[in-house]
């Protein structure tokens, strides 16, 4: 009995389904990833405290204000040393923050949310004098916000 010699071919795997699955996984992880740090500004060096803990319940209506200093690559404070509010890609002193704060207040009111129900979370740099933080809180109160929270990092022992 004679056998015919045939040339062997390498089977090709269709990669289209694999690529589809990879893109679906990427989309899935993007959707479920934690977006809590999206409002954090890396220029703000939070104070560290042993008693600092994350909130037990996530706040429904939260307005985050980053308050700190402009820093160089080494982390040193640059400029005049005046603390700045980092908001919507801009840097401004507390006195100039009144107009954007009024706009936030108006936006909440326009969407049917009582600004008194909005928690203002202040992420203040550890080097900002507390009197400056109080000035920022006072400005927020003048505009109509009443609930405040301060962020800190938990100090590990």
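Numbering (the numbering used here), first residue to last: 8 to 164. Quick reminder that beta carbons are idealized off the backbone N, C-alpha and C, glycines included.
{"Asked": "Where the beta strand (DSSP E) through residue 73 begins and ends", "Found": "69–75"}
{"Asked": "Supposed close pair residue 130, residue 85 - CB separation, criterion 8 Å", "Found": "Actually they are not in contact, since the Cβ atoms of residue 130 and residue 85 sit about 19 Å apart, beyond 8 Å."}
{"Asked": "Contacts around residue 100, its chain only, beta-carbon distance under 8 Å, and the 5 residues preceding and following it disregarded", "Found": "89, 90, 91, 92"}
{"Asked": "Three CB pairs or more closer than 8 Å across the segment 118–128 and the segment 75–85", "Found": "no"}
{"Asked": "Rounded straight-line distance, which links the Cα of residue 23 to that of residue 69", "Found": "43 Å"}
{"Asked": "Per DSSP, the bridge partner or partners of residue 154", "Found": "126"}
{"Asked": "Top-ranked residue by Cα proximity to residue 124, from 31, 27, 153, 26", "Found": "153"}
{"Asked": "Residue 127 vs residue 155 beta-carbon contact at 7 Å", "Found": "yes"}
{"Asked": "Near the ligand NAP: residue 71 beta-carbon under 6 Å from a heavy atom", "Found": "This structure lacks the ligand NAP; in fact it carries no ligand of any kind."}
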